[in-house]
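Enquirer:
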Amino acid sequence: MKESYKLLKEQSKELGVNFIGNVEGRDAFSGNVDIVVTDGFTGNNFLKAVEGLGKFVKRTLSESLKKNLISKIAALPSMPAIKRFAKSVDYKEYGGALFLGVKQPVVKAHGSSDAKVFEFTIKQAEQFVKNKAVEKLKEQFTKELEEEKQ
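When we follow our numbering, the leftmost residue of the sequence shown carries the number 9, and every step to the right adds one.
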């Protein structure tokens, strides 16, 4: 984690990311953060909590909009915006996540993924291979570690 922090801090412009340092969980979706680096256990718990929150918001919003005839009528003009929002936060629109620390690209899809998600995930993996993402990251990490030793 410390090596990742140092590399991202020093190479953020070259990597094309906006590195801001340590963040709180509440800041992950602020729009100011491109990458959150964490250990697998913490990251998985964070993602599961966010997923649960999303399902809760969807359910309670839906219940509120369907509560009575007035709510249903009032919701009609907002439906296109609500659908755009729902699509923007749907994991099915994003494919999988790249695992780092392995020799070849490994992209993990959500456990509930359907064929559409697997299609996106396969396309992501293809892009990682074409762009030699793992090799480039490994080279950069190796370079940084060697410089630290000197």
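Glycine included, C-beta positions come from ideal geometry on N, C-alpha and C.
1) If distances are taken between C-alpha atoms only, which option among Leu84, Lys111, Ile130 comes closest to Gly103?
2) Would you list, in sequence order, the uninterrupted beta strand (DSSP E) runs of no fewer than 3 residues that lie entirely inside the region 28-116?
3) Classify Leu61: buried if its beta carbon has 16 or more other beta carbons within 10 angstroms, exposed otherwise.
4) Exposed or buried, which one is Phe136 when buried takes at least 16 other CB atoms within 10 Å?
5) Going by beta carbon distance, what residues of the same chain come within less than 7 Å of Phe107, once the five residues before and after it are set aside?
6) If we count the other Cβ atoms within 10 Å of its Cβ and call it buried at 16 or more, is Ala89 buried or exposed?
7) Where does Gln112 land, buried or exposed, given buried means 16+ other C-beta within 10 angstroms?
8) Whether or not the region 118-132 and the region 83-97 are in contact is what I'm after, with contact meaning three or more pairs of Cβ atoms, one per stretch, closer than 8 Å; do they touch?
Expert: Looking at the atomic coordinates:
1) Ile130
2) 105-107, 114-116
3) exposed
4) buried
5) Val114, Lys116
6) exposed
7) exposed
8) no
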